[in-house]
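Undergrad:
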Amino acid sequence: MHRATKAAPRSKPTASPDVQAAASPHPYKLTRVGVRGVKKPVTVHRPGQKPTGVVATFDLFVDLPKTQKGTHMSRNLEALADILDEEVATEAPSLENLCRRLALRLLERHDYASHAHVKAEADYFLTRTNPGGKATIEVYRLLTEAEALRGTGKAKPTTTRRVGVQVVGMSACPCAMETARHQMTEKGRKPAANLPFITHNQRNVVTLLLDLPGDADVEAADLVGVAEEALSAPTFELLKRGDEGALVIQAHDNPRFVEDVVREAIHLLAKRNKKLAGASVFVSSEAQESIHKHNAYAERHTTLGAAE
Numbered sequence: 003m004h005r006a007t008k009a010a011p012r013s014k015p016t017a018s019p020d021v022q023a024a025a026s027p028h029p030y031k032l033t034r035v036g037v038r039g040v041k042k043p044v045t046v047h048r049p050g051q052k053p054t055g056v057v058a059t060f061d062l063f064v065d066l067p068k069t070q071k072g073t074h075m076s077r078n079l080e081a082l083a084d085i086l087d088e089e090v091a092t093e094a095p096s097l098e099n100l101c102r103r104l105a106l107r108l109l110e111r112h113d114y115a116s117h118a119h120v121k122a123e124a125d126y127f128l129t130r131t132n133p134g135g136k137a138t139i140e141v142y143r144l145l146t147e148a149e150a151l152r153g154t155g156k157a158k159p160t161t162t163r164r165v166g167v168q169v170v171g172m173s174a175c176p177c178a179m180e181t182a183r184h185q186m187t188e189k190g191r192k193p194a195a196n197l198p199f200i201t202h203n204q205r206n207v208v209t210l211l212l213d214l215p216g217d218a219d220v221e222a223a224d225l226v227g228v229a230e231e232a233l234s235a236p237t238f239e240l241l242k243r244g245d246e247g248a249l250v251i252q253a254h255d256n257p258r259f260v261e262d263v264v265r266e267a268i269h270l271l272a273k274r275n276k277k278l279a280g281a282s283v284f285v286s287s288e289a290q291e292s293i294h295k296h297n298a299y300a301e302r303h304t305t306l307g308a309a310e
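The sequence shown: position 173 = 175 (my numbering), numbered continuously.
#1: Looking only at its chain, what residues have a beta carbon closer than 7 Å to the beta carbon of residue 67, apart from the 5 residues adjacent to it on each side?
#2: For the region 198-218 against the region 278-291, are there 3 or more C-beta pairs whose distance is under 8 Å?
#3: Just verifying my parser: in three-state terms, what is the DSSP assignment at residue 241?
#4: Taking the CB atoms as reference points, tell me whether residue 233 and residue 258 lie closer together than 8 Å.
#5: From residue 172 to residue 181, what distance separates their C-alpha atoms?
#6: Taking only runs that begin and end inside the region 113-148, name each unbroken beta strand (DSSP E) of 3 or more residues, in chain order.
#7: Is the beta carbon of residue 100 sitting closer than 8 Å to the one on residue 64?
#8: Where does the unbroken beta strand (DSSP E) through residue 256 begin, and where does it stop?
#9: For residue 126, tell me which candidate among 304, 223, 265 and 227 has the shortest Cα-Cα distance.
#10: Taking residue 254 and residue 201 to be in contact with their CB atoms under 8 Å, please state how far apart those CB atoms are, rounded to whole angstroms.
#11: Would you call the region 234-250 in contact with the region 265-276, where contact means no fewer than 3 C-beta pairs closer than 8 Å?
#12: Please classify residue 163: does DSSP put it in a helix, a strand, or coil?
#13: With a threshold of 7 Å, establish whether the CB of residue 64 neighbours any heavy atom of the ligand COA.
#14: Is the CB-CB distance between residue 220 and residue 275 below 8 Å?
#15: For residue 80, which option in 96, 95, 104 and 70 has the closest C-alpha, if you only look at C-alpha atoms?
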């Protein structure tokens, strides 16, 4: 008879080496390390409005000390998954508040980090009325950010939030308009002085980004309104022939350089958000030129209510 042989005891699996925690061969601190382009569904609940579902794209970063070879990037994704699984976060009051919670959670997950930075973007839809009076749903880009800075000793981390929009509209060039008017006058053709004249138009992309101190709140729809008012004219998906004519006339009645667009947006933001005086704001305007192979661009990073 064959005797039954005892099975050899199984050895416990050993933990894989933590390569990220090893010393770096070149000890330089890194400002931001993490993951970009993570897409997740989020439901936003704004006061007095129906819940809105958006597909947000997240970027999640922490800083890395010079003593550590790499960051544990899976912790960023775990933090995002955990917060989106929590009921309060799933029904987020705003995307920027969700980013703030994420930034704080990243500091918890990465005990070696002193700073966390989260960005989220999503398509944002609003109902607008075109020049013919017809309702049309227009798409914009919602921009949000949050940062968390670890406190010293027992001090709690400090946080900052930003909310913004990216809006596509139309600008008409004032320089070409007056140059063309002058040239036509020299040729004996007298355009009416009180009417706009021919010029070249641009598709203009305006970006606004506003810091939100404390628990301050700003509606993204209001920021869209500022951007569209700063442009020569908004643009629409649905336009009939008469609407197109009315929109072209509106833009030519209101010709603006990219410099004009940025200054007008800053002026409107300061005028409509006096309670946020001193808050940091970024505004840019990029005109996708129709008669040049390059684009025109202007920007300003300032504080609301600044004298200059």
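Quick reminder that beta carbons are idealized off the backbone N, C-alpha and C, glycines included.
TA: So, to answer that:
#1: Answer for residue 67: 31 and 114, listed in chain order.
#2: Yes: the two stretches touch, three or more of their Cβ pairs being nearer than 8 Å.
#3: Collapsing the DSSP output to three states places residue 241 in coil.
#4: Here residue 233 is near residue 258, since their CB atoms are less than 8 Å apart.
#5: C-alpha separation (whole angstroms): 20 Å.
#6: Fully enclosed beta strand (DSSP E) runs of 3 or longer: 117-131.
#7: No. Outside cutoff.
#8: Where residue 256 is concerned, there is no enclosing beta strand (DSSP E), because DSSP gives it neither an H nor an E.
#9: The residue among 304, 223, 265 and 227 with its C-alpha nearest the C-alpha of residue 126 is 223.
#10: About 7 Å separates the beta carbons of residue 254 and residue 201, which is inside the 8 Å limit, making them a contact pair.
#11: These segments do not touch.
#12: Reduced to three states, the DSSP call for residue 163 is strand.
#13: The ligand COA is not among the ligands present in this structure, which contains no ligands whatsoever.
#14: A distance below 8 Å separates the beta carbons of residue 220 and residue 275.
#15: That would be 104, whose Cα lies nearest to the Cα of residue 80.
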